[in-house]
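Engineer: A single structure is presented below for examination.
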Amino acid sequence: MPVLSIFQNRRAYRALDSKPIDEEVLTRLVEAAITAPSANNSQPWRFITATDPAVLAEVKNTLTPGNYWAQKAPAITAVVTNNDWSLVIGDRVFAPFEAGMAAMAYQAQAVSEGLHIHPIAGFNADAVKEALKIPASEMLLTLLIIGYPGDDSELREHHLKSERSPRVRLPLDHVYAKDRWNDRLLPQKP
Ligand SMILES: Cc1cc2nc3c(=O)[nH]c(=O)nc-3n(C[C@H](O)[C@H](O)[C@H](O)COP(=O)(O)O)c2cc1C
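Numbering follows this note's numbering, with no gaps: position 33 of the sequence shown is 38.
Structure, rendered in structure tokens:
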């Protein structure tokens with residue numbers, strides 16, 4: 006699949022199947038992630054994937070109610086970084102940016118494997134760290150909820166609608182300019 010199609014096919018889908026995902030597939034996602042660039046090649050990303058039913062259940066217990074749909078996921082990956090692991094220049098701390106690039110490569114590979122993959126912020130980070138034995142000093146950025154496409158009949162109405170609607174994005178000229186900054190790039194006032 007051409008790379009642009011992979012990115013265009015990625016959506017934060019919620020209709021998941023609980024069918025397990027092979028270890029080799031999960032490992033390929035990490036192999037893709039670690040190709041990401043990082044300043045000084047510091048590689049400030051770590052991935053902890055829960056598939057063990059007991060560990061998965063502990064992680065799922067921490068999800069916010071709006072993330073009910075993630076209860077079906079056969080795998081959940083925690084993306085971890087630490088600002089101390091990266092180059093810092095003034096107020097530019099690169100670790101979360103670099104971990105984000107790695108997470109995007111991870112997601113792109115997941116799409117090419119026929120998986121749905123959905124990042125979430127709605128969970129209790131301290132409880133997830135506890136469940137996955139991630140030291141308190143590390144930054145748990147996001148959970149990636151992973152599963153094969155599943156039945157959408159259990160999704161709430163607004164989630165079903167978003168699942169079936171076109172992607173919502175700012176027009177290109179609100180995020181992209183040639184040669185000079187312009188005021189269209191400023192966030193639009195509601
Ligand atoms: C850091 C981050 C946190 C997110 N948290 C949640 C979440 O807790 N629950 C949820 O349903 N979606 C969550 N999303 C998914 C976004 O809502 C989704 O990516 C956005 O609406 C754009 O839709 P698209 O990814 O299908 O293009 C999150 C996405 C990111 C990147």
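Glycine included, each C-beta is placed from N, C-alpha and C at the ideal position. What you are looking at is a predicted structure, and each value in this text was computed from that prediction instead of being measured.
Let me check understanding here. Comparing Cα to Cα, which of A110, L175, D156, L68 lies closest to R169?
Structural biologist: Position 164 of the sequence shown, counted from the first residue, corresponds to residue 169. Minimum Cα distance to R169 is reached at D156.
Engineer: Counting Cβ pairs, one atom from each stretch, are 3 or more of them under 8 Å apart for the stretch 177-189 and the stretch 86-106?
Structural biologist: no
Engineer: Does DSSP put P25 in a helix, in a strand, or in coil?
Structural biologist: The residue labelled residue 25 in the question sits at position 20 within the sequence shown. Coil, per DSSP.
Engineer: Just mark V59 as buried or exposed, buried being the case when its beta carbon has 16 or more other beta carbons within 10 Å.
Structural biologist: The residue labelled residue 59 in the question sits at position 54 within the sequence shown. Val is not the amino acid found at residue 59; the sequence shown has Ala there. By the Cβ neighbour-count rule, A59 is exposed, with fewer than 16 other Cβ atoms within 10 Å of its own.
Engineer: Any heavy atom of ligand 1 inside 7 Å of the beta-carbon of H163?
Structural biologist: Sequence index remark: in the sequence shown, residue 163 carries index 158 (1-based). Because no heavy atom of ligand 1 lies under 7 Å away, the Cβ of H163 does not count as near it: no.
Engineer: For ligand 1, is there any heavy atom lying closer than 7 Å to the beta carbon of G152?
Structural biologist: For this step, residue 152 is matched to residue 147 along the sequence shown. Short note on G152: C-beta not closer than 7 Å to any heavy atom of ligand 1.
Engineer: Cβ of A80 within 8 Å of Cβ of I125?
Structural biologist: Stepping through the sequence shown from its first residue, residue 80 is reached at position 75. Stepping through the sequence shown from its first residue, residue 125 is reached at position 120. Result no, Cβ atoms of A80 and I125 do not sit closer than 8 Å.
Engineer: For P49, which residues from the same chain have a beta carbon less than 7 Å from its beta carbon, with the 5 sequence-adjacent residues on both sides left out?
Structural biologist: In the sequence shown, counting from the first residue as 1, residue 49 sits at position 44. Apart from sequence neighbours up to five positions away, the residues of its chain that approach P49 with a beta-carbon distance below 7 Å are S43, T86, N87, W90, S91, A100, E103, A104, ordered along the chain.
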